[in-house]
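S.K.:
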Amino acid sequence: MAPKPRILNDSRDMIWTLLALLVLVALVVVSSRNCSVGLHGNASDDKIPPFDTHAALQADAATMGFPIRQPLLPADWKPNSGTSANVGATRVSTVGWITPSGYYLGLSQTNATEEALLPTLSPDPDKEGTLSGTGTREIEGTRWVTYVAGDRLAPDKGVRKVWVANLGDVRIGLTGKSDDADFTTLARSVVQAKPLPSRR
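Under the working numbering, the first residue of the sequence shown is numbered 3, with each subsequent residue one higher.
#1: Of all the options A151, R173, V147, which has the alpha carbon lying nearest to the alpha carbon of D128?
#2: Do S95 and S110 come within 8 Å of each other at the CB atom, strictly closer than that value?
#3: In chain order, what residues of the same chain lie with their CB nearer than 7 Å to the CB of D62, ignoring the 5 residues before and after it?
#4: Over the uninterrupted beta strand (DSSP E) stretch that includes R139, give me the two end residues.
#5: Based on the DSSP output, what are the partners of G84 in its beta bridges?
#6: Taking just the CA atoms, how far does I100 sit from V27?
#7: Taking only the alpha-carbon atoms, compute the straight-line gap between L20 and T55 and give it to the nearest angstrom.
#8: Less than 8 Å between the beta carbons of D171 and N88, yes or no?
#9: Do P52 and P81 have their C-beta atoms closer together than 8 Å?
#10: Where does the unbroken alpha helix (DSSP H) through R190 begin, and where does it stop?
#11: To the nearest whole angstrom, what separates the beta carbons of E116 and R190, a pair I think is in contact under 8 Å?
#12: For I174, count neighbouring C-beta atoms within 10 Å of its own C-beta (all shown protein chains included) and say buried if the count is 16 or more, exposed if not.
#13: Could you give the first and the last residue of the continuous alpha helix (DSSP H) run that contains A58?
#14: Under a Cβ-count criterion, where at least 16 other Cβ atoms within 10 Å of its own Cβ denotes burial, should T177 be classed as buried or exposed?
#15: Can you give the Cα-Cα distance for R139 and A57, rounded to whole angstroms?
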């Protein structure tokens with residue numbers, strides 16, 4: 003009777019082969035920089051290239067019929083997205099950042115009414131709950147109306163919040179699950195910013 007192939011003699015050979023393959027896969031993943039190892043993370047750890055909010059807001063300022071502002075934010079705020087969409091008969095410009103606390107915080111600008119803007123700031127009411135008013139805040143002389151999705155009596159961190167301000171010719175909406183300090187930072191930066199040049 004012919005001897006069995008060596009691979010069938012001992013399961014240890016298979017284990018060593020699998021371990022070698024796992025080490026090889028780990029080396030490939032780490033060297034590709036698509037994976038990092040650590041016990042904590044923040045916005046600066048993300049390897050995804052940042053979104054160019056300046057170019058996006060400049061383009062919106064050039065084509066939309068209302069003032070667009072670009073807030074000056076700390077370096078550890080990572081811009082990650084931008085869109086423009088229809089709101090009734092007008093448009094809304096939206097850009098977003100990952101804050102140092104690791105949450106997304108979006109900025110929407112439009113000449114639509116607050117009532118028309120609000121549904122765009124809470125896109126999933128079935129999952130998160132409907133928006134309820136929680137009061138107002140005064141930041142840099144501007145009044146912000148505040149909302150929370152779900153239970154307005156227990157607006158915990160990690161629950162969607164929305165702040166809206168009326169600057170006369172434009173409505174500003176902030177939305178995300180970040181803390182009030184991040185909302186205040188963005189609100190102050192928007193109010194302090196001058197409108198970008200428009201070609202209209």
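Here a beta-carbon is modelled for each residue, glycine too, at the ideal position from N, C-alpha and C.
M.R.: Answer, in terms of the structure:
#1: Minimum Cα-Cα distance from D128 among the listed residues A151, R173, V147 corresponds to A151.
#2: The Cβ atoms of S110 and S95 lie closer than 8 Å to each other.
#3: I70, S86, S95
#4: Taken as a continuous stretch (DSSP letters only), the beta strand (DSSP E) holding R139 covers 133 to 141.
#5: V97
#6: 30 Å
#7: 46 Å
#8: no
#9: yes
#10: 182 to 194
#11: That pair is no contact at about 20 Å.
#12: buried
#13: 55 to 65
#14: buried
#15: 30 Å
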